[in-house]
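Student: Numbered per mature numbering (1 follows the signal peptide of the UniProt record, and there is no 0), the sequence shown spans residues -20 to -1, 1 to 457.
The beta-carbon is built from N, C-alpha and C at its ideal position, and this holds for glycine as well.
These figures come from a predicted structure and were not determined experimentally.
Pasting a structure below so you can have a look.
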Amino acid sequence: MLKPILSLLLPLLAWMSSFTEPVPQPSTAAADPAWVKQVGAKTTPSSKTIFAAGKYGAVADGKTLNTQAIQKAIDAAAKKGGIVTFAPGEYLTGSIFLKKGVTLQLDKGVTLLGSQDLKDYPELPSRVAGVEMVWPAGLINILDQDNVAITGQGTVDGQGKPFWDNYWSMRKDYDAKGLRWIIDYDAKRPRTLIVANSSNVSLKGITLQRAGFWTVHILYSKNVTADGLIVRNNVGGHGPSTDGIDIDSSSYVLVQNCDIDCNDDNFCLKAGRDSDGLRVNRPTEYVIIQNCVAGAGGGLFTCGSETSGGIRHIIARGLKAKGTKCGIRLKSATNRGGIVEDILVEDIEMEAVRVPIIMTMNWNPTYSYSALPAGYTENTLPEHWKKMLATVSPEQGTPHFRNVTIRNLRATAADEAISAEGLPTSVLENFTLENIMITSAKAGKIDHAKGWSVKGLTITAQNQEPIAVQNSASMNF
């Protein structure tokens, strides 16, 4: 059983408490699996023809609703390919839809302001938090397209506060009725940028802030690049479920050089929820997240809790976090199913992250498990309620976490170094922890695990108690 280090040399402690040294560089290409060369957009729009939104009636006063004018510019550019541009200023808009061969260029000094009226976001079939249902379109939509780009140093401001306030108002009522599990699906809020059923999409350089709901949602898509995005969702409040980048049942995705401050998971991989996610059964796979930074948020790097279709073949490297709630986070629930496997997380630096390494298969029960209170008739319920209430057998619903490697990690000022909890019926299997240094209030626990290889793990716990390893076997410390 691992014992915490009670004391270290003063120079070493000083080194651990600082973040002045650079994060170790990501592994070289020679060490990467072959699939790494296939990630990201493989084509970008080539036409340099300019389509100025102002010529199609867009007004940069921050008050005029420009949805139709901007869409006209996009549609014109789509006929032969081209770049939609804007003069400096603020452009109020509802949902706009990008098309094949179009680049939306938001230069410095240009801001797209999201309408705060939900009617400006038409309802369309989509998937929300792991369940397919009708939901408001996003502010910027790339749906069923190929070869599309968004570039520039401009800003997309979702102006999400009215949607946040509505959620919290509804949440109070739903909680009182025992409906915590469905409020997130009934309180409709627009996402800021959606890429769905699309390929060869490049998102580069822009700032996105104050999302009404998730910020960047990459759904059922392949060969997508998100490079140099900045997300600032805690401007003027703390919006619920304002995830940074969600990669959802998608493949060959590259996320790099991004900086996210939000109020939920920062960089998150998802693959469907419960019965509906098991029906779709589409994994998230072949994803690289590298050279990124997280501030406030629920998790620096998160897999789940929507794991039903499986999450596999993932590399996360060269990441930093300061003040994030959790660091490396694997989460699911016992009605969700799916396998999380072949995950490599390396070259990570964290400061004041509460729990640097955390895993659970029984996450947030009041949200994860659906139960219909008395007084409701099931056959009159909305379709998405029925999907949430559909029974999942234990065989289908038990998730599995296996073949995960975490190495070259340094964390300071944590509350708990490691919190890893498997299930009696699904242990945390074949994990490798290597070259990890954590200072924390307590060391933490590992429960229901098997076949772990631990090398160079140094935990300095203030309470001087060891990691509690329980119900585990073949643990090589």
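Under the rule that 16 or more other beta-carbon atoms within 10 Å means buried, what is HIS218, buried or exposed?
Tutor: Taking the sequence shown and counting its residues from 1, the one referred to as residue 218 is at position 238. Classification of HIS218: exposed, given that the 10 Å Cβ count is below 16.
Student: On the premise that GLN51 lies in contact with ILE76, defined as a C-beta separation below 8 Å, what is that separation, rounded to the nearest angstrom?
Tutor: As a working mapping, residue 76 is identified with position 96 in the sequence shown. As a working mapping, residue 51 is identified with position 71 in the sequence shown. Contact holds; Cβ gap of about 6 Å.
Student: In terms of alpha-carbon separation, which member of GLY89, VAL211, SER348, ASN177 lies closest to GLY132?
Tutor: Position 152 of the sequence shown, counting from 1, holds the residue named residue 132. When each option's Cα is compared against that of GLY132, the closest is GLY89.
Student: Considering only C-alpha positions, which residue in the set ILE295, LYS168, VAL267 is nearest to SER221?
Tutor: On the sequence shown, residue 221 is found 241 positions in, with the first residue counted as 1. Ranking the options by Cα distance to SER221, first place goes to LYS168.
Student: On the criterion of 16 or more Cβ atoms from any shown chain inside 10 Å, does TYR356 qualify as buried, or is it exposed?
Tutor: Looking up residue 356 in the sequence shown gives position 376. By the neighbour-count rule (16 or more Cβ atoms within 10 Å), TYR356 is not buried but exposed.
Student: Identify the residues that DSSP records as bridge partners of THR83: which are they?
Tutor: Here residue 83 refers to the residue found at position 103 of the sequence shown. For THR83, which the question treats as bridged, DSSP gives the partners ILE63, ALA129.
Student: Check whether the Cβ atoms of GLY303 and GLY275 lie closer than 8 Å to each other.
Tutor: The sequence position of residue 303 within the sequence shown is 323, counting from 1. The sequence position of residue 275 within the sequence shown is 295, counting from 1. Yes, they are a contact pair.
Student: Using a Cβ-Cβ cutoff of less than 7 Å, which residues in the same chain neighbour LEU310 once the five nearest sequence positions on both sides are dropped?
Tutor: On the sequence shown, residue 310 is found 330 positions in, with the first residue counted as 1. Cβ neighbours of LEU310 beyond the five flanking positions: CYS283, GLY284, VAL320, MET339, PHE381.
Student: Across which residues does DSSP place PHE247 in a beta bridge pair?
Tutor: As a first step, residue 247 must be located in the sequence shown, where it is residue number 267. Bridge partners of PHE247: ILE225, PHE281.
Student: Return the first residue and the last residue of the beta strand (DSSP E) that GLU103 is part of.
Tutor: On the sequence shown, residue 103 is found 123 positions in, with the first residue counted as 1. Start and end: 103 to 108.
Student: Which class does THR405 belong to by DSSP, given the choice of helix, strand or coil?
Tutor: For this step, residue 405 is matched to residue 425 along the sequence shown. Correct three-state label for THR405: coil.
Student: Can at least three beta-carbon pairs, one atom from the stretch 33 to 51 and one from the stretch 206 to 217, be found at a separation below 8 Å?
Tutor: Judged by Cβ distances under 8 Å, the stretch 33 to 51 makes no contact with the stretch 206 to 217, as fewer than three pairs qualify.
Student: Classify SER95 as buried or exposed, calling it buried when 16 or more other Cβ atoms lie within 10 Å of its own Cβ.
Tutor: Numbered from its first residue, the sequence shown carries residue 95 at position 115. SER95 comes out buried.
Student: So, using beta-carbon positions, are GLY134 and PRO170 closer together than 8 Å?
Tutor: Taking the first residue of the sequence shown as position 1, residue 134 is located at position 154. Taking the first residue of the sequence shown as position 1, residue 170 is located at position 190. No. Outside cutoff.
Student: DSSP three-state call for PRO362: helix, strand or coil?
Tutor: Here residue 362 refers to the residue found at position 382 of the sequence shown. Looking at PRO362 - three-state DSSP - the assignment turns out to be coil, as it is neither helix nor strand.
Student: Is GLY37 buried or exposed, if buried means 16 or more other CB atoms sit within 10 Å of its CB?
Tutor: The count along the sequence shown starts at 1 and reaches residue 37 at position 57. Per the 10 Å Cβ criterion, exposed.
Student: Cα-Cα, which of ALA332, ASN237, VAL111 is closest to GLY307?
Tutor: As a working mapping, residue 307 is identified with position 327 in the sequence shown. The candidate whose alpha carbon is nearest that of GLY307 is ALA332.
Student: How many whole angstroms separate the CB atoms of LEU72 and LEU93, which I take to be in contact at a CB cut-off of 8 Å?
Tutor: Position 92 of the sequence shown holds residue 72. Position 113 of the sequence shown holds residue 93. Right, the Cβ-Cβ distance comes to about 5 Å (below 8 Å), so this counts as a contact.
Student: Rounded to whole angstroms, what's the CA-CA distance from ALA173 to ALA129? Just pull it up for me.
Tutor: Stepping through the sequence shown from its first residue, residue 173 is reached at position 193. Stepping through the sequence shown from its first residue, residue 129 is reached at position 149. One point to set straight first is that residue 173 is Leu, not Ala, in the sequence displayed. Between LEU173 and ALA129, the C-alpha separation is close to 12 Å.
Student: Have a look at GLY42 and ASN214 and give me their C-alpha separation to the nearest angstrom.
Tutor: Numbered from 1 along the sequence shown, position 62 holds the residue referred to as residue 42. Numbered from 1 along the sequence shown, position 234 holds the residue referred to as residue 214. Taking the straight line joining both Cα atoms gives about 21 Å.
Student: One question on the structure: do GLY110 and GLU363 come within less than 8 Å of each other, judged by their Cβ atoms?
Tutor: Locating residue 110 in the sequence shown gives position 130, counting from the first residue. Locating residue 363 in the sequence shown gives position 383, counting from the first residue. Not in contact: GLY110 and GLU363 (Cβ atoms no closer than 8 Å).
Student: What are the start and end residues of the beta strand (DSSP E) that includes THR44?
Tutor: Along the sequence shown, read from residue 1 onward, the residue named residue 44 stands at position 64. Per DSSP, THR44 belongs to the beta strand (DSSP E) from 41 to 45.
Student: According to DSSP, ALA441 sits in a beta bridge with which residue or residues?
Tutor: As a working mapping, residue 441 is identified with position 461 in the sequence shown. SER420, per the DSSP bridge assignment.
Student: When the Cα of LEU104 is compared with those of VAL114, LEU98, ASP97, which residue comes out closest?
Tutor: Here residue 104 refers to the residue found at position 124 when the sequence shown is read from its first residue. Taking only the C-alpha atoms, the option nearest LEU104 is VAL114.
Student: How many whole angstroms separate the CB atoms of ALA313 and TYR349, which I take to be in contact at a CB cut-off of 8 Å?
Tutor: Counted from its first residue, the sequence shown places residue 313 at position 333. Counted from its first residue, the sequence shown places residue 349 at position 369. 7 Å between Cβ atoms; contact.
Student: Using a threshold of 8 Å, state whether the C-beta atoms of LYS202 and ASP226 are closer than that.
Tutor: Position 222 of the sequence shown holds residue 202. Position 246 of the sequence shown holds residue 226. For LYS202 and ASP226, no; Cβs fall outside 8 Å.
Student: Determine the direct distance from the alpha carbon of PRO353 to that of GLY158, and round the result to whole angstroms.
Tutor: What you label residue 158 is simply residue 178 of the sequence shown in a count that begins at 1. What you label residue 353 is simply residue 373 of the sequence shown in a count that begins at 1. Answer to the nearest angstrom: the Cα atoms are 6 Å apart.
Student: Is DSSP giving GLU286 helix, strand or coil here?
Tutor: Numbered from its first residue, the sequence shown carries residue 286 at position 306. Three-state result, GLU286: coil.
Student: For THR187, I'd like the list of residues in its chain whose CB is within less than 6 Å of its CB, leaving aside the five on either flank, ordered along the chain.
Tutor: Position 207 of the sequence shown, counted from the first residue, corresponds to residue 187. Taken in chain order, the residues that qualify are THR135, ILE210.
Student: On a CA-only basis, which of ALA301, LEU199, ASN344, ASN271 is nearest GLY289? Give me that one, please.
Tutor: Walking along the sequence shown from the start, residue 289 turns up at place 309. With distances taken between Cα atoms, GLY289 lies closest to LEU199.
Student: Take HIS428 and list the residues in its own chain whose beta-carbon comes closer than 7 Å to its own, dropping the five residues that flank it on each side.
Tutor: Against the sequence shown, residue 428 aligns to sequence position 448. The answer, listed in chain order, is GLU401, GLY402, LEU403, PRO404, VAL407, LEU408, ASN451, SER452.
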